[in-house]
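Undergrad: Next up is a structure, given as structure tokens.
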Amino acid sequence: MKTSRIITLAMVGCAVAAMSACARKPVEGAVPTEPTAPTTGPAYPTAPTGPISGGNMGAAAPGSEQDFVVNVGDRIYFDLDSYDVRPEAMPRLDAQAQWLARYPQVTVRIEGNADERGTREYNLALGARRAEAVRTYLINRGVPAGRIDTISYGKERPIAEGSSEDSWARNRNAHTAIVSGAPR
Amino acid sequence: MRLNLLLASAAALALTASSVQTQAQVQAPPAQAGQPVEVEIDQGVLKPLQIAVVPFTGDHGTDISNVVSGNLRRSGFFEPLDPAGFIETGLTLANAPNFPQWTQIGAQAVLYGAVTPRADNRLDVGFRLYDPYRQCQLVSYQFTATQEQWRRIAHKISDVIYQRMTGEAGFFDSRVLFVSEEGTQLNRINRLTIADQDGFNPTYLTQGDEVIMSPRFSISQPDEITYVALGKDYSRIYLRNLTTGRTESLGEFDGQVLAPRFSNDGNKIAFSIIRNGNTDIYVMDLRSRQLSRLTSDPGIDTSPSFSPDGSQIVFNSDRSGTARLYVMRADGSGQRPISRGGGVYTAPSWSPTGNLIAFTKQGGGRFSTGVMNADGSGERILSSSYFEEGPNWAPNGRYVMFARQTRGGDTRLWTVDLSGRVVAQAGYNGRGTDPAWSPLLDAPPSNIGLGQGADSCPA
């Protein structure tokens, strides 16, 4: 069930990608351009006049992907060699579960990640345990299992650069990505 | 440093002493493979065999000699001499070398040859290898191929020289699959890539829009490869024919797939499926497409590797807490741990000779490449660094290639020989990981004319 959903989504993704590719103009090869002649006088026409007004950026629209990322938090972190949800990460997952309860059309994909201090295949399996730990947590908080997919990226998609304890800690995470059902 | 060399070879013996002693030892017949010999290796007096590789005459002649020199040097068993120091010039296949002019510059072997075009436009590449101290011919042979194949001819000549001087099968006429890397740490583009063993002719096989992992050759059909493509929301095991380019998915499985490996007869693929966070090993019969589950415990069971006879599989499992190496029969029965040390053992790879298992070991904040006997005894660490992983065997079982990453830096391909003495960056010097070595591209010549000429060295 999970896999077939993944495949369907992959196909939709491909179709969308294909459509946007069609809509886009073909990339043109590099054509040598004439250097622009130095201009005389001011580089811009007349100085712009008139008042500039401002206002607050609108808050993220409730139920949007941005709302989820900014107001709930889409990532939790794990200890070294561990896939147990840390106590301090639980409030965030509780908030994720509540948000998903409020927007029942939303589906998510939990992406498990590992730091670079392990072999590629083994880290893929470690990341899967982290993704599963989050999935289980959300299911226990009432999110229907059918709305949650999981995948592990192992150490292949780090979010923090460098080879320090700090970057490794950031790269041991599970990311809750919104797949469908929420505007950006 | 005392090392138990399981595969004894004349070259290994030759490396033990000064050049004068070496000269005598080269005369000894190569020891039989499989006979364990204790060799005292002192890094201070190691001396590879000094070989003079004379530029071949004719089209591509110098190119061929350069490729042979590069191969022999990288093997660690040979030290090609600088041609600028050669005294004898104009050496042709019709003559034997002027021996004193070669011993005078310390050459322990002299290789020379000629490229001759044929009426059908193909090339004859003949060569002779002499021992100037004993004043006898070690080997001579002639390969014929199309002009475009001059590199392959050079690799096959290298294999003949290597085999003649070490008593072991060569490995130069082979290719390597790996995952080349570009871009930054946070935006890495990786592509499945194939290149000659020495890094030449690299060719991308994928576009860079997926994460590629775990490429492997089918040993019986090196035209067939498998690999994993990991996308944003899918993972697939692909089977691909290198000649036709035909690529097919192994199938759609309920769960994430990883770590595919052919059995050596090419009839089966072992791999892992992750279901509900639990990773187990399965095997698929490629003809019937029947899937069997081999492990079922709650630990991570992955990175399977078949023994050459296909009867057993080594894999890693953390069912006991930390990851160790286990062996089971190919049907999943008889699972038992074999690794004995502390530390985390992953990425096992069964040697083509069947007696050794290479692995990655993590411990003390470092990563190491090591080998152990198939029963877990005799563990030896060959190489250690900040990070290295994924050893894969050369077709002759004398070297493994692995990926090494510097702290905060790039990942590149390295090789190490079984003694741990020859640690070198692989021929491909771009960024890459996950190397997989092909078998020899075709059978080496079965009769290299040993002892058949009037001035042949005594067998």
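So the protein sequences, as listed, match chains A and B. Note that UniProt numbering has the first sequence beginning at 1, numbered continuously upward. Note that UniProt numbering has the second sequence beginning at 1, numbered continuously upward. All residues carry an ideal CB built from backbone N, CA and C; glycine is no exception.
Helix, strand or coil for B:Pro-458, going by three-state DSSP, please let me know.
TA: Coil.
Undergrad: Per DSSP, which one or two residues make a beta bridge with B:Asn-226?
TA: It is worth fixing the name first, because residue 226 of chain B is Thr in this sequence and not Asn. B:Thr-226 is bridged to B:Arg-216 and B:Leu-239.
Undergrad: Would a check of beta-carbon distances place A:Leu-124 closer than 8 angstroms to chain B?
TA: Answer yes: the Cβ-Cβ gap between A:Leu-124 and chain B drops below 8 angstroms somewhere.
Undergrad: Looking only at its chain, what residues have a beta carbon closer than 6 angstroms to the beta carbon of B:Arg-340, apart from the 5 residues adjacent to it on each side?
TA: Gly-376.
Undergrad: Would you tell me roughly how many angstroms separate the C-alpha atoms of B:Val-423 and B:Val-68, rounded to the nearest one?
TA: Each residue's Cα considered, the two are about 19 angstroms apart.
Undergrad: Within 10 angstroms of its Cβ, does residue 462 of chain B collect 16 or more other Cβ (buried), or is it exposed?
TA: The requested residue 462 of chain B is not part of the displayed model; chain B covers only 1 to 459.
Undergrad: Give a yes or no on whether the C-beta atoms belonging to B:Val-371 and B:Pro-348 are separated by under 8 angstroms.
TA: No, the Cβ-Cβ distance between B:Val-371 and B:Pro-348 is not below 8 angstroms.
Undergrad: Quick test of the definition: if touching needs 3 or more C-beta pairs under 8 angstroms, does the region 91-101 of chain A touch the region 63-72 of chain A?
TA: The answer is yes - the region 63-72 of chain A touches the region 91-101 of chain A, with three or more Cβ pairs under 8 angstroms.
Undergrad: Check whether the region 130-145 of chain A touches the region 163-171 of chain A, counting contact only when three or more Cβ pairs, one atom from each stretch, lie closer than 8 angstroms.
TA: With the cut-off at 8 angstroms, the region 130-145 of chain A and the region 163-171 of chain A do not touch.
Undergrad: Considering Cα atoms alone, identify which of B:Gln-197, B:Pro-458 and B:Val-344 is closest to B:Asn-396.
TA: Ranking B:Gln-197, B:Pro-458 and B:Val-344 by Cα distance to B:Asn-396 puts B:Gln-197 first.
Undergrad: Does any CB atom of chain B fall closer than 8 angstroms to the CB of A:Thr-119?
TA: Chain B, which has a Cβ nearer than 8 angstroms to the Cβ of A:Thr-119, makes this yes.
Undergrad: Comparing the C-beta of B:Ser-328 with each C-beta of chain A, is any distance below 8 angstroms?
TA: In the sequence as presented, Ser is not what sits at residue 328 of chain B; that position holds Met. So no, B:Met-328 is outside the interface.
Undergrad: Using a Cβ cut-off of 8 angstroms, pull out every chain A residue sitting near B:Gln-185, in sequence order please.
TA: Simply Pro-158, Glu-161 and Gly-162.
Undergrad: Tell me whether B:Asp-417 is buried or exposed, calling it buried when 16 or more other Cβ atoms sit within 10 Å of its Cβ.
TA: Buried, since its Cβ has 16 or more Cβ neighbours within 10 Å.
Undergrad: Contact check, B:Asp-434 vs B:Val-179 under 8 angstroms by CB: the rounded distance?
TA: With 8 angstroms as the limit, B:Asp-434 and B:Val-179 qualify as a contact, their Cβ atoms being about 5 angstroms apart.
Undergrad: Helix, strand or coil: how does DSSP classify A:Glu-28 here?
TA: Confidence is the limiting factor: at A:Glu-28 the pLDDT is only 42, short of 50, which leaves the residue's position unreliable and the question unanswerable from this model.
Undergrad: Considering only residues of the same chain and omitting the five flanking positions on each side of B:Asn-373, which have a CB-CB separation below 7 angstroms?
TA: Here the set comprises Asn-355 and Leu-356.
Undergrad: Determine the closest residue to B:Asp-455 out of B:Glu-79, B:Ser-303 and B:Arg-128, with distance taken between C-alpha atoms.
TA: It is B:Arg-128 whose Cα lies nearest to the Cα of B:Asp-455.
Undergrad: Thinking C-alpha only, which one of B:Thr-193, B:Asp-209 and B:Ile-381 is nearest B:Thr-226?
TA: Ranking B:Thr-193, B:Asp-209 and B:Ile-381 by Cα distance to B:Thr-226 puts B:Thr-193 first.
Undergrad: Near B:Arg-287, what residues of its chain come up, given a Cβ to Cβ distance below 7 angstroms and the 5 sequence neighbours on each side ignored?
TA: Asn-267.
Undergrad: Check whether chain B comes within 8 angstroms of A:Arg-86, counting only Cβ atoms and requiring the distance to be less than that.
TA: False, the Cβ-Cβ gap to chain B never drops below 8 angstroms.
Undergrad: Of all the CB atoms in chain B, is at least one closer than 8 angstroms to the CB of A:Arg-141?
TA: It does not: the Cβ of A:Arg-141 has no partner Cβ on chain B nearer than 8 angstroms.
Undergrad: Could you check whether the Cβ of residue 468 of chain B sits closer than 8 angstroms to any Cβ belonging to chain A?
TA: For chain B, the structure presents residues 1 to 459; residue 468 of chain B sits outside this window and is missing.
Undergrad: Could you compute how far the alpha carbon of B:Thr-415 sits from the alpha carbon of B:Val-400?
TA: Their backbone Cα atoms lie some 6 angstroms apart in a straight line.
Undergrad: So, is the C-beta of A:Ser-180 closer than 8 angstroms to a C-beta in chain B?
TA: Not an interface residue.
Undergrad: Which whole runs of the beta strand (DSSP E) in the UniProt domain "TolB N-terminal" (38-136) of chain B are 3 residues long or more, in chain order?
TA: Whole beta strand (DSSP E) segments, 3+ residues: 49-53, 78-80, 109-117 and 123-131.
Undergrad: In the DSSP assignment, find the beta strand (DSSP E) that holds B:Ser-356 and state where it starts and stops.
TA: As written in the sequence, residue 356 of chain B is Leu, which differs from the Ser given in the question. B:Leu-356 -> beta strand (DSSP E) spans 356-363.
Undergrad: With a 10 Å radius around its C-beta and 16 neighbouring C-beta atoms as the bar for buried, classify B:Thr-184 as buried or exposed.
TA: Classification of B:Thr-184: exposed, given that the 10 Å Cβ count is below 16.
Undergrad: Looking at chain A, is there any beta carbon in it that lies within less than 8 angstroms of the beta carbon of B:Glu-389?
TA: Taking Cβ atoms only, chain A reaches closer than 8 angstroms to B:Glu-389, which makes this a yes.
Undergrad: Report the neighbours of B:Val-211 on chain A: residues whose CB is nearer than 8 angstroms to its CB, in chain order.
TA: Correct list: Tyr-153, Glu-156 and Arg-157.
Undergrad: Using the rule of at least 16 other Cβ atoms within 10 Å of the residue's Cβ for burial, across every protein chain shown, is A:Met-90 buried or exposed?
TA: Exposed, since its Cβ has fewer than 16 Cβ neighbours within 10 Å.
Undergrad: According to DSSP, which residues form a beta bridge with A:Gly-154?
TA: Beta-bridge pairing links A:Gly-154 to A:Asn-113.
Undergrad: Considering just the uninterrupted stretch of the beta strand (DSSP E) at B:Gln-425, what are its terminal residues?
TA: Residues 423-425.
Undergrad: Would you mind reading off the limits of the beta strand (DSSP E) that contains B:Thr-415?
TA: That run of the beta strand (DSSP E) goes 411-417.
Undergrad: Does the separation of the CB atoms of A:Gly-127 and A:Tyr-103 fall below 8 angstroms?
TA: In this structure, A:Tyr-103 does not lie closer than 8 angstroms to A:Gly-127 by Cβ.
Undergrad: Buried or exposed for B:Gly-85, going by 16 or more other Cβ atoms inside 10 Å?
TA: Classification for B:Gly-85: exposed.
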